[in-house]
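Structure first, commentary second.
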Amino acid sequence: MTKRALAQILHRAGQWSGAAARCELDYAARFVRRKQLVTTDGQSFLVDLAHTNSLDQGDALELEDGRLVEIIAAQEDLLQVSGPDLPRLAWHIGNRHTPCQINSDHLLIQNDPVIGHMLTHLGAEITPVTAPFTPEGGAYGHGRTHSHSHGATAHDL
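So for the sequence shown, this note's numbering puts the first residue at 7; every next one is plus one.
Written out as structure tokens, the structure is:
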């Protein structure tokens with residue numbers, strides 16, 4: 007029986023270098039603590055991190071033998087949001103706690119017909135697209151902010 011490769015070390019994008027296998031994951035699959043994943047060349051490995059992490063494009067998992075697996079944001083069905091008042095549209099998206107990728111001339115959100123309909127009524131132009139989804143991570147830390155701690159804040163003063 008072959009021993010399954012194990013990854014327990016996460017290196018953030020820009021904090022590692024060298025050759026790496028690749029693992030393409032959509033936004034939902036990039037939220038991990040303990041999960042079996044498969045590289046693009048078919049190698050299965052188990053991720054077993056101490057805490058749940060949001061993996062981002064360009065992060066790498068280190069296998070116990072030192073090999074690296076680079077995380078690639080997979081193509082997903084998204085909605086491209088554009089319009090003359092982009093900050094207002096972004097506010098409405100954020101007010102619904104919807105993950106959002108912010109670009110200078112458009113926003114990207116997951117393909118949610120209800121949110122898309124709301125945005126259309128607010129004057130947005132909605133275009134279905136397929137692209138990698140790398141939304142903003144939040145003001146209080148890396149990646150998603152589920153169950154986050156704020157650290158020292160104005161509340162502590």
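For glycine and all other residues, C-beta sits at the position ideal for the given N, C-alpha and C.
Looking at the structure shown, is residue i part of a helix, part of a strand, or coil, going by DSSP?
| i | result |
| --- | --- |
| ASN59 | strand |
| ASP162 | Unreliable placement is indicated for ASP162, whose pLDDT of 47 sits below 50; no coordinate value is reported for it. |
| THR126 | helix |
| ASN117 | coil |
| ALA35 | helix |
| ARG102 | coil |
| ALA26 | coil |
| ARG73 | coil |
Please report how far the alpha carbon of residue i lies from the alpha carbon of residue j, in whole angstroms.
| i | j | result |
| --- | --- | --- |
| LEU16 | ALA66 | 6 Å |
| ILE166 | GLU70 | Residue 166 cannot be examined here, being either before or after the span of the chain that is shown, 7 to 163. |
| GLY89 | SER50 | 43 Å |
| ARG18 | GLY64 | 7 Å |
Please classify residue i as buried or exposed, where buried requires at least 16 neighbouring CB atoms within 10 angstroms.
| i | result |
| --- | --- |
| GLU76 | buried |
| GLN107 | buried |
| ARG40 | exposed |
| GLN116 | buried |
| ASN59 | buried |
| PRO134 | exposed |
| ALA25 | exposed |
Identify the continuous beta strand (DSSP E) that holds residue i and give its terminal residues.
| i | result |
| --- | --- |
| PRO134 | 131-138 |
| ALA82 | For the record, residue 82 in the displayed sequence is Glu; it is not Ala. Run containing GLU82: 81-88, per the beta strand (DSSP E) assignment. |
| GLU68 | 66-69 |
So the alpha helix (DSSP H) residue i belongs to, where does it begin and stop?
| i | result |
| --- | --- |
| ALA11 | Element bounds for ALA11: not the alpha helix (DSSP H) but the beta strand (DSSP E), 11-17. |
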